[in-house]
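Following my numbering, the numbering of the sequence shown begins with 980 at its first residue and continues without gaps.
Backbone N, C-alpha and C define an ideal beta-carbon position, used for all residues, glycine too.
Each remark here refers to the structure printed beneath this line.
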Amino acid sequence: MTTLTYRFAATLSGTWKPGDEIVVSRLDHDANVRPWVQAAARAGATVRWAEVDLPAGELPAEQYERLLGDRTRLVAVSAASNVLGTRPDVAAISALAHRAGALVYVDGVHAAAHGPVDMAALGADFYATSAYKWSGPHVGAVVADPALLADLLPDKLASSPDEVPERFETGTAAFADLAGVAAAVEHLAALDDEATGTRRERLLASMAAAESHELELFATLRDGLASIPAVTTYGAAAHRTATAYFTVAGHTPREVAEHLAGHRINVWNGHNYAWELTAALGIRDAGSAVRAGLVHYNDAEDVERLLTALERL
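Shown next, in the form of C-alpha cells:
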C-alpha cells in the first residue's frame, strides 16, 4: 500500500500548483500521510491537518468544513486507525470533500481486515488495501473507478501498456501472489456457513459476521484491560475495530510484548507507523504502546490468556 500510495501521490500531484491544498489527518498511518506531504512540498501546495480529538481518539468530521476550500485537491483519510481502531465518519468527510471538488483517498488497510467494505457508501475515490492484513499474501491494491484512472498519467516505460490499470504497474505482476489473493477472498467469503449468493454477497455477509464476533470478544478484552490497575489504554471511539493499544506501568512496550510472546500471544509494540498519532498521544518517544488485535479466528480463550498473562506481569 505504501508503494502504491507513493505512486499515486506522484501522479496526482503532477497537476497541483502553488496555492493548491491537500488535507491529511493525524489519525492516519504514515503511509497515508508522508507521500502526500512530500508530494505537496514538491508542488508548492499547502498541507492542512485534521486533528484527533483526544483522549477518545475520534476524528471529528465537522472540522473538515473549516479545512476544505475551493483550492483543495485531495483529502487523505483512514477508514480505521491501525492502533486505536477508530473508524472515522468517512462518508461524511467524503461528502464534504466532493462538495469542494476534491478527490478522496482512503487508507483501508486496517479496516478491510475487520468488516465489510463498500467503497460507494464510503464515498472513496481511491481505496487502498494490503492483502496480507486479511489472510492473503504480501500484495497491495488501490481500487478506483477505471474512468477515473483513465484520466491519470503516471510515469511509465514507453513500452509498457497504456491501458488501465496496467499503466500503473511497474514490472511484471506477481501472478503467484495474485492467485493467493483470490484464494484469501474465497476463504473470507466462506466464513459464514449460512451466507448465500454471489461471492461479493457472501463476502459482505461473512465479514459482517466476523466483525460482530470480533467486537463481542473485544468487549471482554476492553473491560478486562480496564480492570487491571497497571494498564493504561488509548482510544475510546464510539465506532472502532477490535484493536487494543495499551501500556503497562513499570514496563516498556517492548518488555510487555516479549512477556506476552513467552505465553504464546502475538502482539506488536511501538508506533506501528502511526507517527503523528503517537506523537499527539505523547508516547512516541517512550516506545509508544502495545497493540493487540482480534480477528475472525480468535476466541474467548485467546482473550483470557492475554488478560491472565498481563495480570501476572
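- When C-beta atoms of the segment 999-1007 are compared with those of the segment 1044-1055, three or more pairs fall below 8 Å, so the two segments count as touching.
- Counting only unbroken stretches of 3 or more residues, the beta strand (DSSP E) elements lying wholly within the segment 1090-1116 are 1105-1109, in sequence order.
- A buried status is given to S1073, since no fewer than 16 other beta-carbon atoms sit within 10 Å of its beta-carbon.
- The alpha-carbon separation between F987 and L1127 amounts to approximately 12 Å.
- In this structure H1117 is exposed. Its beta-carbon is surrounded by fewer than 16 other beta-carbon atoms within 10 angstroms.
- Annotation for A1129: V1143 place their beta carbon closer than 7 Å to its own, counting only its chain and skipping 5 residues before and after.
- Annotation for K1112: V1088, H1089, A1091, A1092 place their beta carbon closer than 8 Å to its own, counting only its chain and skipping 5 residues before and after.
- Every alpha helix (DSSP H) stretch that sits fully inside the segment 1141-1187 and reaches 4 residues is listed by chain position as 1154-1168.
- Residue environment for R1021: exposed (fewer than 16 other C-beta atoms within 10 angstroms of its C-beta).
- A straight-line Cα-Cα distance of about 35 Å links L1170 and V1227.
- DSSP, reduced to helix, strand and coil, places E1030 outside both helices and strands of the structure shown, so it counts as coil.
- Around the beta-carbon of E1255, 16 or more other beta-carbon atoms lie within 10 Å, marking it buried.
- Annotation: the continuous alpha helix (DSSP H) that includes W1254 extends over 1254-1259.
- Partner residues in the beta bridge of I1001, as assigned by DSSP, are V1026, L1053.
- If you draw a straight line from the Cα of L1239 to the Cα of V1246, it is about 7 Å long.
- Counting C-beta atoms within 10 angstroms of its own C-beta, A1236 has 16 or more neighbours from the protein chains shown and is therefore classed as buried.
- By the Cβ test, the segment 1048-1057 is in contact with the segment 1009-1025, since at least three Cβ pairs between them sit closer than 8 Å.
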